[in-house]
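Peer 1: The structure that follows is given in the form of structure tokens.
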């Protein structure tokens, strides 16, 4: 499952101008990022690089990482030979210095991970204090309602389904978490929640995808977060204070 190397080209073609990607998820991520000119951004799980390119076009200094060499090869074609792209699995330590980035964007990637803790801790480490993690994930309620039988909503559960790409079915596996488990993981890693968003699709898609547009407008597919890296690293607030006068 999740063999992105095996279907990288088909996935890229499918998502380049699709409703949920080109007219919903990417515009929402860019809107939440705001003015990124001059900011150092890590695109964690960059895939073939469409969000990387959009952020770079807006003046950001963007580094892309992904676990799939096939996806990164396509990102290289899009972004050029000088683009900083690295093969990195988000379950592993990140090959960057502490505080190396102003922002990290994680576009539709965290729901591939059963345990967010180590990944979020590493993301927090490479962010400067006050930096932002901007993330999108499969909406936990939508992922809950498509399962039959429905799982325990309060539990972290895996689910799978087939994507139709270039005429063939591709098996995919994800992890669904209830909202409180997501927010607990963010705060435990040293983030403050700034925004939780359920945006609408771009109105420009109304005429392009009339039926699907109406459905997406009334049933969100993804959940979006903006999180601020606290001034102290994860766990620092739990350390004893040596100052006897501190209150």
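Numbering (this note's numbering), first residue to last: 38 to 284. C-beta atoms are modelled at their ideal positions from N, C-alpha and C, and glycine is treated no differently.
1) Got a sec? Which residues, its chain only, sit under 7 Å from residue 210 by beta carbon, not counting five neighbours each side?
2) Count the CB pairs spanning the stretch 144 to 152 and the stretch 240 to 249 that are closer than 8 Å, and state whether there are at least three.
3) Could you tell me the alpha carbon to alpha carbon distance between residue 76 and residue 94, rounded to whole angstroms?
4) Which same chain residues end up closer than 6 Å to residue 314 when comparing Cβ atoms and leaving out the 5 residues on each side of it in sequence?
5) Under the three-state reduction of DSSP, which class applies to residue 275: helix, strand or coil?
6) Just confirm the distance between the C-beta atoms of residue 163 and residue 137, as a whole number of angstroms; I'd bet it's less than 8 Å.
7) From residue 166 to residue 193, what distance separates their C-alpha atoms?
8) So, is residue 173 buried or exposed, given that buried needs 16 or more other C-beta atoms within 10 angstroms?
9) Would residue 236 and residue 65 be called neighbours here (beta carbons separated by less than 7 Å)?
10) Return the CA-CA distance between residue 185 and residue 212, expressed in angstroms with no decimal places.
11) If you draw a straight line from the alpha carbon of residue 160 to that of residue 232, how long is it in whole angstroms?
12) Is it buried or exposed for residue 176, if we count other Cβ within 10 angstroms and need 16 for buried?
13) Between the alpha carbons of residue 215 and residue 262, how many angstroms are there, rounded?
14) With a CB to CB cut of under 8 Å and the five nearest residues on each side skipped, what residues in its chain are close to residue 254?
15) Among 43, 57 and 84, which has the Cα closest to the Cα of residue 125?
16) Check residue 259 in the structure and name its three-state DSSP category.
17) How far does the beta strand (DSSP E) with residue 100 in it reach, from first residue to last?
18) Could you tell me the distance, in whole angstroms, from the CA atom of residue 102 to the CA atom of residue 183?
19) Among 223, 147, 52 and 88, which one has its Cα closest to the Cα of residue 69?
20) Just to check my reading of the structure: residue 115 and residue 90 have Cβ atoms closer than 8 Å, yes? What is that Cβ distance to the nearest angstrom?
21) Can you find the residues in the same chain that come closer than 7 Å, C-beta to C-beta, to residue 107, ignoring five residues on each side of it along the sequence?
22) So within the stretch 205 to 263, which uninterrupted alpha helix (DSSP H) runs reach at least 4 residues, ignoring any that extend past its ends?
23) Just confirm the distance between the C-beta atoms of residue 49 and residue 111, as a whole number of angstroms; I'd bet it's less than 8 Å.
24) Measuring only the C-alpha atoms, how far is residue 113 from residue 51?
25) Check this for me: beta carbons of residue 205 and residue 267, under 7 Å apart or not?
Peer 2: Inspection of the coordinates gives the following:
1) Looking up residue 210 in the chain shown gives position 173. Taken in chain order, the residues that qualify are 38, 39, 195 and 197.
2) no
3) On the chain shown, position 39 is the one that residue 76 refers to. On the chain shown, position 57 is the one that residue 94 refers to. Between residue 76 and residue 94, the C-alpha separation is close to 12 Å.
4) Look at the range of the chain in this structure, 38 to 284, and you will see that residue 314 is not part of it.
5) On the chain shown, position 238 is the one that residue 275 refers to. Bear in mind that a pLDDT of 41 at residue 275, under 50, signals an unreliable position, so the model cannot answer this.
6) Within the chain shown, the letter at position 126 stands for residue 163. Within the chain shown, the letter at position 100 stands for residue 137. So it is a contact: roughly 5 Å between Cβ atoms.
7) Locating residue 166 in the chain shown gives position 129, counting from the first residue. Locating residue 193 in the chain shown gives position 156, counting from the first residue. Rounded to the nearest angstrom, the two C-alpha atoms are 30 Å apart.
8) Stepping through the chain shown from its first residue, residue 173 is reached at position 136. Flag for residue 173 reads buried.
9) Numbered from its first residue, the chain shown carries residue 236 at position 199. Numbered from its first residue, the chain shown carries residue 65 at position 28. The answer is yes: Cβ separation under 7 Å.
10) For this step, residue 185 is matched to residue 148 along the chain shown. For this step, residue 212 is matched to residue 175 along the chain shown. Using only the alpha carbons, I get a separation of about 15 Å.
11) As a first step, residue 160 must be located in the chain shown, where it is residue number 123. As a first step, residue 232 must be located in the chain shown, where it is residue number 195. Each residue's Cα considered, the two are about 18 Å apart.
12) Along the chain shown, one-based indexing puts residue 176 at 139. It counts as buried.
13) Mapped onto the chain shown, residue 215 falls at position 178. Mapped onto the chain shown, residue 262 falls at position 225. Their backbone Cα atoms lie some 14 Å apart in a straight line.
14) To locate residue 254, count along the chain shown from 1; it is residue 217. 237 and 238, listed in sequence order.
15) Sequence index remark: in the chain shown, residue 125 carries index 88 (1-based). Per the Cα distances, 84.
16) The residue labelled residue 259 in the question sits at position 222 within the chain shown. It is a strand residue.
17) What you label residue 100 is simply residue 63 of the chain shown in a count that begins at 1. Looking at the DSSP string, the run of the beta strand (DSSP E) that includes residue 100 is 98 to 103.
18) Stepping through the chain shown from its first residue, residue 102 is reached at position 65. Stepping through the chain shown from its first residue, residue 183 is reached at position 146. Near 30 Å, if we compare the C-alpha coordinates of residue 183 and residue 102.
19) Within the chain shown, residue 69 is the residue found at index 32, counting from 1. For residue 69, the nearest C-alpha among the options comes from 88.
20) Position 78 of the chain shown holds residue 115. Position 53 of the chain shown holds residue 90. With a Cβ gap of about 6 Å, residue 115 and residue 90 count as contacting.
21) The sequence position of residue 107 within the chain shown is 70, counting from 1. The answer, listed in chain order, is 41, 42 and 45.
22) 216 to 225 and 247 to 255
23) Start at 1 with the first residue of the chain shown, and residue 49 comes out as number 12. Start at 1 with the first residue of the chain shown, and residue 111 comes out as number 74. At roughly 5 Å, the Cβ-Cβ gap stays under 8 Å, so residue 49 and residue 111 are in contact.
24) The residue you call residue 113 lines up with position 76 of the chain shown. The residue you call residue 51 lines up with position 14 of the chain shown. Approximately 18 Å, taken between the alpha carbons.
25) Along the chain shown, read from residue 1 onward, the residue named residue 205 stands at position 168. Along the chain shown, read from residue 1 onward, the residue named residue 267 stands at position 230. No; because the gap between Cβ atoms is not below 7 Å, this pair is not in contact.
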